[in-house]
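Student: Here the sequence shown stands for residues 21 to 412, numbered as in the numbering used here. Once you've had a glance at the structure underneath, I'll fire off some questions.
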Amino acid sequence: MTTNDYDAIVLGAGAAGLMCAAVAGQRGRRVLLLDHAEQVGKKILISGGGRCNFTNIHTVPERYLSANPHFAKSALARYTPADFIALVDAYGIAWHEKTLGQLFCDRSAKAVVAMLLDEAAKGGVDVRCGAPVRGVEHGDGLFRVTFGDRAFAAPNLVIATGGPSIPKMGASGFAYDLARHFGLKVVEPRPALVPLTLGGEDVLFRELSGVATPVEARAGKAAFREAALFTHRGLSGPAILQASSYWRHGEPVTIDFLPDAAPGWLVEAKRSRPRATLAAALGGVLPDRLAQTLAERLTLPGELGAQADRKLAGAETRLKRWTFHPNGTEGFAKAEVTAGGISTAGLSSQTMMAKSVAGLYAVGEAVDVTGWLGGYNFQWAWASGYAAGRAL
Ligand code: FDA
21 MTTNDYDAIV LGAGAAGLMC AAVAGQRGRR VLLLDHAEQV GKKILISGGG
71 RCNFTNIHTV PERYLSANPH FAKSALARYT PADFIALVDA YGIAWHEKTL
121 GQLFCDRSAK AVVAMLLDEA AKGGVDVRCG APVRGVEHGD GLFRVTFGDR
171 AFAAPNLVIA TGGPSIPKMG ASGFAYDLAR HFGLKVVEPR PALVPLTLGG
221 EDVLFRELSG VATPVEARAG KAAFREAALF THRGLSGPAI LQASSYWRHG
271 EPVTIDFLPD AAPGWLVEAK RSRPRATLAA ALGGVLPDRL AQTLAERLTL
321 PGELGAQADR KLAGAETRLK RWTFHPNGTE GFAKAEVTAG GISTAGLSSQ
371 TMMAKSVAGL YAVGEAVDVT GWLGGYNFQW AWASGYAAGR AL
């Protein structure tokens, strides 16, 4: 028997689905929120090392990737970091800015999930977890969803099942399959905010596993000044994770190992410390093991005083534009988010509703909108969830 006393069914009780359901519920809509996991908001719980970096106060549309860079503007403008901060404050959840506008809970991400569940309860949302979505059909103005051994129907359906990053947590490409089923296009999904792997000539750098240093990392037209970390498989750390979202197979990643050095720094080092080796001079500004490896690669043996200025200037140029050729990424298993997803071309930027299927919405990471590292992705989940929740 099909239960159809709902106005909307939201598939996926993650960040975007919870927000959407709560907002719609509080507007008087009868909402059913379904999730195949036993627990809601699992990614919220593990995010930010368990403290959930729930927003970023520097949120602007330019810090999101999408085939249509304008798409996110409307939703981000109508639900801002200040709106989410007001909600968090209303619940007495203590928070702090860690760095670069990133806001974290002082204590636990559990408080954010509890808050969202409370907001959903205020809207009378019927939350059901722990059974597979077996089928979704559409006809006569109703979406019919088979959830475990129950069937439900409603005139509105929200796809909020996220992207395939971290499949061991139950993440999948379900949103894309469903979107395609309804005739929506999907921009090729790819791992983003993900470590890069090194091979070939770069493989030597894997021996530096555990070494971290502040850099400026560039991929495509984007540049990020934060820490890079060498790993046993390649490169990670915030600067690299950020750059990875802009990196495409076959392209280089360029690293400035001397982001704070004044031009001519190495020639100046020769004047002030002529007896020092290149490795020793680099060791003054870089971790020793990295300084050693870079100096070996630059093949300028002996004392700095014995080197021609021209050669030192050339070495400095290389250190400021060191080119790595990643041979891949660590994939969806390690990706914090998925870039690409349900094409924004088929969605209204005001409401998140599909242009071609009345009553069908898509929100959150499932959509082709991907934020930078640092709270931007949750802000998109809240904002897109809110937009759909207001429209349902
Ligand atoms: P989300 O993945 O949160 O929710 C989707 C829901 O749908 C899940 O509850 C899932 O169980 C359910 N689902 C999936 N398939 C289903 C199916 N077939 N049937 C039924 N239900 C299904 N971002 C940020 O801004 N700050 C941060 O600190 C972090 N930290 C972080 C750490 C780690 C380790 C990861 C992996 C990711 C982050 N992120 C982050 C990214 C952030 O978690 C992500 O962008 C949001 O959770 C996306 O919210 P959604 O609601 O769209 O998907």
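Positions of the beta carbon are idealized from the N, C-alpha and C atoms, including for glycine.
1) Exposed or buried, what is S292 when buried is set at 16 or more other beta-carbons lying within 10 Å of its beta-carbon?
2) State the beta-bridge partners of S256 as determined by DSSP.
3) Can you tell me whether DSSP reads A315 as helix, strand or coil?
4) Just how far apart, CA to CA, sit G391 and E385?
5) So, for Y381: in the same chain, excluding its five sequence neighbours on each side, which residues have a beta-carbon less than 6 Å away from its beta-carbon?
6) Tell me which residue opens and which closes the beta strand (DSSP E) that Y381 is part of.
7) Output the distance between the C-alpha atoms of L286 and P294, rounded to the nearest integer angstrom.
8) What's the gap between the Cα of H78 and the Cα of L261?
9) Does the beta-carbon of H252, which I'm using as the reference point, lie nearer than 7 Å to any heavy atom of ligand 3?
10) Grab the span of the alpha helix (DSSP H) containing V30 for me, first residue to last.
11) From the DSSP output, in three-state form, read off H201 for me.
12) Reducing DSSP to helix, strand and coil, say where C40 ends up.
13) Provide the residue span of the beta strand (DSSP E) that contains Q59, from first to last.
14) For the putative contact between G121 and G394, defined by C-beta atoms under 8 Å, what is the C-beta separation to the nearest angstrom?
15) For F277 versus T343, is the C-beta spacing smaller than 8 Å?
16) What separation, rounded to the nearest whole angstrom, lies between the Cα atoms of P258 and F172?
17) My parser needs the beta strand (DSSP E) runs of 3 or more residues fully inside the stretch 88 to 143; what are they?
18) Following a CB-centred definition, is Y396 positioned closer than 7 Å to any heavy atom of ligand 1?
19) For the 8 Å Cβ check, are there 3 or more pairs between the stretch 343 to 356 and the stretch 128 to 141?
20) Residue range of the beta strand (DSSP E) that V377 falls in?
21) Going by beta carbon distance, what residues of the same chain come within less than 8 Å of H90, once the five residues before and after it are set aside?
22) Note down, in chain order, each residue of its chain lying with its Cβ closer than 8 Å to the Cβ of A315, except the 5 sequence neighbours on either side.
23) In terms of residues, what are the limits of the beta strand (DSSP E) holding L433?
24) Can you pull the DSSP bridge partners for E236?
25) Report the three-state DSSP secondary structure of D388 (helix, strand or coil).
26) Going straight from the alpha carbon of A212 to that of F167, what length do you get?
27) H158 bridges to which residues according to DSSP?
28) Starting from V287, trace the alpha helix (DSSP H) both ways and give me its first and last residue.
29) Nearest CA to the CA of G348: which residue from R238, L367, V214 and D329?
30) Starting from A174, follow its DSSP beta bridges and name the residues at the other end.
31) Assuming V389 and P307 are in contact, meaning their beta carbons sit under 8 Å apart, how far apart are those beta carbons, in whole angstroms?
32) Applying the criterion that 16 or more other CB atoms from any shown protein chain within 10 Å of the CB defines a buried residue, is G159 buried or exposed?
33) Helix, strand or coil for P211, going by three-state DSSP, please let me know.
34) Can you tell me where the beta strand (DSSP E) with L53 in it begins and where it stops?
35) What is the rounded straight-line gap between the Cα of V377 and the Cα of R50?
36) Does the beta-carbon of G45 have 16 or more other beta-carbons within 10 angstroms, so that it is buried, or is it exposed?
Tutor: With the given structure in hand:
1) If you number the sequence shown from 1, residue 292 lands on position 272. With fewer than 16 other Cβ atoms within 10 Å, it is exposed.
2) For the purposes of this step, residue 256 is taken as the residue at position 236 of the sequence shown. Answer is L249, bridged to S256.
3) For the purposes of this step, residue 315 is identified with residue 295 of the sequence shown, where counting begins at 1. Correct three-state label for A315: helix.
4) Mapped onto the sequence shown, residue 391 falls at position 371. Mapped onto the sequence shown, residue 385 falls at position 365. When rounded, the distance between both Cα atoms is 9 Å.
5) Locating residue 381 in the sequence shown gives position 361, counting from the first residue. Here the set comprises V178, M372, M373 and A408.
6) The residue labelled residue 381 in the question sits at position 361 within the sequence shown. Taken as a continuous stretch (DSSP letters only), the beta strand (DSSP E) holding Y381 covers L380 to A382.
7) Your numbering for residue 286 matches position 266 in the sequence shown. Your numbering for residue 294 matches position 274 in the sequence shown. Each residue's alpha carbon lies about 11 Å from the other.
8) Here the question's residue 78 lines up with position 58 in the sequence shown. Here the question's residue 261 lines up with position 241 in the sequence shown. Answer to the nearest angstrom: the Cα atoms are 18 Å apart.
9) No copy of ligand 3 appears in this structure; the ligands present are ligand 1.
10) Residue 30 sits at position 10 when you count from the first residue of the sequence shown. From DSSP, V30 is part of no alpha helix (DSSP H) but of the beta strand (DSSP E) over A28 to L31.
11) One-based indexing of the sequence shown puts residue 201 at position 181. DSSP places H201 in helix when its eight states are reduced to three.
12) For the purposes of this step, residue 40 is taken as the residue at position 20 of the sequence shown. Note: C40 maps to helix in three-state DSSP.
13) As a first step, residue 59 is located in the sequence shown; it is residue number 39 there, counting from the start. Here Q59 belongs to no beta strand (DSSP E), and DSSP marks it neither H nor E.
14) Your numbering for residue 121 matches position 101 in the sequence shown. Your numbering for residue 394 matches position 374 in the sequence shown. Confirmed, Cβ separation roughly 7 Å.
15) Translated into the one-based positions of the sequence shown, residue 277 becomes position 257. Translated into the one-based positions of the sequence shown, residue 343 becomes position 323. No; because the gap between Cβ atoms is not below 8 Å, this pair is not in contact.
16) As a first step, residue 258 must be located in the sequence shown, where it is residue number 238. As a first step, residue 172 must be located in the sequence shown, where it is residue number 152. Approximately 43 Å between the Cα atoms of the pair.
17) 115 to 117 and 122 to 125
18) As a first step, residue 396 must be located in the sequence shown, where it is residue number 376. Result yes, Cβ under 7 Å from ligand 1.
19) no
20) Within the sequence shown, residue 377 is the residue found at index 357, counting from 1. Taken as a continuous stretch (DSSP letters only), V377 belongs to no beta strand (DSSP E), as it is neither H nor E.
21) The residue you call residue 90 lines up with position 70 of the sequence shown. Same-chain partners within the cutoff: P81 and S369.
22) Along the sequence shown, read from residue 1 onward, the residue named residue 315 stands at position 295. These residues qualify, in order along the chain: T297, L298, A299 and L302.
23) Within the shown structure, residues of the chain are numbered from 21 to 412, placing residue 433 beyond reach of any answer.
24) On the sequence shown, position 216 is the one that residue 236 refers to. DSSP output for E236 lists R245 and D276 as bridge partner(s).
25) Along the sequence shown, read from residue 1 onward, the residue named residue 388 stands at position 368. Coil, per DSSP.
26) The sequence position of residue 212 within the sequence shown is 192, counting from 1. The sequence position of residue 167 within the sequence shown is 147, counting from 1. Rounded to the nearest angstrom, the two C-alpha atoms are 31 Å apart.
27) Mapped onto the sequence shown, residue 158 falls at position 138. Partner(s): F163.
28) As a working note, residue 287 is residue 267 in the sequence shown. Note, V287: alpha helix (DSSP H), W285 to S292.
29) Position 328 of the sequence shown, counted from the first residue, corresponds to residue 348. When only C-alpha atoms are compared, the closest one is V214.
30) Here residue 174 is taken as the residue at index 154 of the sequence shown, counted from 1. According to DSSP, which records beta bridges pairwise, A174 is partnered with F163.
31) Here residue 389 refers to the residue found at position 369 of the sequence shown. Here residue 307 refers to the residue found at position 287 of the sequence shown. So it is not a contact: roughly 36 Å between Cβ atoms.
32) Your numbering for residue 159 matches position 139 in the sequence shown. Exposed is the call here.
33) Walking along the sequence shown from the start, residue 211 turns up at place 191. Correct three-state label for P211: strand.
34) Position 33 of the sequence shown holds residue 53. Segment V51 to D55, the beta strand (DSSP E) holding L53.
35) Taking the first residue of the sequence shown as position 1, residue 377 is located at position 357. Taking the first residue of the sequence shown as position 1, residue 50 is located at position 30. Approximately 20 Å, taken between the alpha carbons.
36) Here residue 45 is taken as the residue at index 25 of the sequence shown, counted from 1. That one is buried.
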